[in-house]
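Reviewing the structure listed below.
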Amino acid sequence: IEVWLPGQNAYREISSCSVCGDFQARRMDARYKDKDGRGNRFVHTLNGSGTAVGRALIAVIENYQNEDGSVTIPEVLRPYMGGLAKIEAK
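Its first residue numbered 19, the sequence shown is counted upward by one per residue in the numbering used here.
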């Protein structure tokens, strides 16, 4: 997942997920026995990151900042902000 960062004039990754096959399993020697008990086989692994909170926050601030320096809270985030619609300097 990428977000637009106007200050960098670029999209930046904030989360990812990858199928690693058995590459990581071979490195850590992670194996399993199949249901017939035939030999040890390498497991297949996934690699995933949560959200890079810093980059996500920067994206919201940069994309929703107003000329007066206040930040309009996107409607989808307002329930998590106690209904707050705008952040203003005190």
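Note that beta-carbon positions come from the ideal geometry of N, C-alpha and C, so glycine has one too.
{"Check": "Spatial distance of Asp-54 from Asn-81 (CA atoms)", "Outcome": "56 Å"}
{"Check": "Pairwise C-alpha distance: Gln-42 and Gly-72", "Outcome": "28 Å"}
{"Check": "Segment contact flag, the stretch 57-68 with the stretch 87-102, C-beta cutoff 8 Å, min 3 pairs", "Outcome": "no"}
{"Check": "Opening and closing residue of the alpha helix (DSSP H) in which Leu-75 lies", "Outcome": "71-82"}
{"Check": "Same chain, Cβ closer than 7 Å to Val-37, neighbours up to 5 away in sequence not counted", "Outcome": "Leu-64"}
{"Check": "Arg-56 in three-state terms, based on DSSP", "Outcome": "coil"}
{"Check": "Straight-line Cα distance separating Arg-49 from Arg-56", "Outcome": "12 Å"}
{"Check": "Top-ranked residue by Cα proximity to Asn-84, from Pro-97, Lys-104, Leu-95 and Cys-35", "Outcome": "Lys-104"}
{"Check": "Which listed residue (Val-61, Ile-79 and Val-78) has its alpha carbon closest to that of Arg-44", "Outcome": "Val-61"}
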